[in-house]
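Asks: What follows is a single structure, and I will ask about it in a moment.
2 protein chains.
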Amino acid sequence: MSQFDNVSVVKKANVYFDGKCISHTVQLPDGTKKSVGVILPSTLTFNTGVAEIMECVSGVCRYRIKGEDWKSSGAGQSFKVPGNSSFEIEVSGEPYHYVCHFA
Amino acid sequence: MSQFDNVSVVKKANVYFDGKCISHTVQLPDGTKKSVGVILPSTLTFNTGVAEIMECVSGVCRYRIKGEDWKSSGAGQSFKVPGNSSFEIEVSGEPYHYVCHFA
Numbered sequence: 001m002s003q004f005d006n007v008s009v010v011k012k013a014n015v016y017f018d019g020k021c022i023s024h025t026v027q028l029p030d031g032t033k034k035s036v037g038v039i040l041p042s043t044l045t046f047n048t049g050v051a052e053i054m055e056c057v058s059g060v061c062r063y064r065i066k067g068e069d070w071k072s073s074g075a076g077q078s079f080k081v082p083g084n085s086s087f088e089i090e091v092s093g094e095p096y097h098y099v100c101h102f103a
Numbered sequence: 001m002s003q004f005d006n007v008s009v010v011k012k013a014n015v016y017f018d019g020k021c022i023s024h025t026v027q028l029p030d031g032t033k034k035s036v037g038v039i040l041p042s043t044l045t046f047n048t049g050v051a052e053i054m055e056c057v058s059g060v061c062r063y064r065i066k067g068e069d070w071k072s073s074g075a076g077q078s079f080k081v082p083g084n085s086s087f088e089i090e091v092s093g094e095p096y097h098y099v100c101h102f103a
C-alpha cells in the first residue's frame, strides 16, 4: 500500500536535527499512531522510548542498533529497534522515506 | 483544527530543493488533494500550475507573488497564488509549516 486511508494527520510536522529528519504524525482509526517521514543525507542517532519498527518506503539506509553491527535496509524492508535503546542511521544520496510504527 | 480527519496520506513524501521543502500529499473524502509540509530556512521560488492557497500552520514567512511586493504571512494566515504564476518564499529562523490548498 502506497498510502494510509481513513486516518488523521497532524498538520504541523515534527522537525528533527535541523530538518535532516521531518515527519508527520498519522493516527489510524483504532487510535494507533505512526509517522510518515523523510531522512535527508546525514548520519543521525535516535533514541527510542517504546520499540519502533522503521519501514522503508523509498531509498536505502544503513543503520546500527545499539550493541549491534551496521546493516542495510531498502524499500519494502523494515527493522525493529527495542524500546529504551538507540540507533544510528546513515543516509547518503537519495532521501530515505519511511513509515515509523510504534510497538 | 490542528489535524485532518478521515483522509488518505501518501507514504512517500514530496522532496523539493534538496529537502528545503518537504511535503506529504493528503486526500480528503471528497477527492480534494492538499499537501502538508515544511519549508526550512531558505529562499525558494515555486511555480504554480493551478492556483494555490498557502495556509501557515506554524512559523512565519515572507513571500512575493510574481508582479507583487514582498508581504509576510504567519500562523493562521493564508495567501493565494494564481495559477500559471510563481512566488518566492523566504523563511528564516524557525521552519515554516503549511497546508497547501489547490484551487
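Protein sequences, first through last, are from chains A and B.
Note that the UniProt record's numbering numbers the first sequence so that position 29 is 29, with each residue one more than the last.
Note that the UniProt record's numbering numbers the second sequence so that position 3 is 3, with each residue one more than the last.
All residues carry an ideal CB built from backbone N, CA and C; glycine is no exception.
Residue 79/B CB to nearest chain A CB: under 8 Å?
Replies: No, residue 79/B does not count as interfacial toward chain A.
Asks: Just to confirm the assignment, what range does the beta strand (DSSP E) spanning residue 3/A have?
Replies: Here the beta strand (DSSP E) through residue 3/A covers 3 to 10.
Asks: Distance, Cα to Cα, residue 36/A vs residue 56/A?
Replies: Cα to Cα, residue 36/A sits roughly 10 Å from residue 56/A.
Asks: Closer than 7 Å by beta-carbon distance: list the chain A residues that pair up with residue 5/B, in chain order.
Replies: 8, listed in chain order.
Asks: Taking 8 Å as the cut-off, does the stretch 7 to 14 of chain A touch the stretch 49 to 64 of chain A (at least 3 CB pairs, one atom from each stretch)?
Replies: Judged by Cβ distances under 8 Å, the stretch 49 to 64 of chain A makes no contact with the stretch 7 to 14 of chain A, as fewer than three pairs qualify.
Asks: Is the beta carbon of residue 12/B less than 8 Å from the beta carbon of residue 58/A?
Replies: Yes, they are a contact pair.
Asks: Looking only at C-alpha atoms, which of 94/B, 49/B, 75/B sits nearest to residue 1/B?
Replies: The shortest Cα separation from residue 1/B among 94/B, 49/B, 75/B belongs to 75/B.
Asks: To be precise: take each residue of the stretch 15 to 35 of chain A, compare its Cβ to all Cβ atoms of chain B, and keep it if any distance is under 7 Å. Which residues remain?
Replies: Residues 15, 19, 22, 24, 26.
Asks: Is residue 99/A close to chain B? Criterion is C-beta to C-beta, closer than 8 Å.
Replies: Chain B, which has a Cβ nearer than 8 Å to the Cβ of residue 99/A, makes this yes.
Asks: Would you list the residues sitting across from residue 47/B in a DSSP beta bridge?
Replies: Its beta-bridge partners are 86/B.
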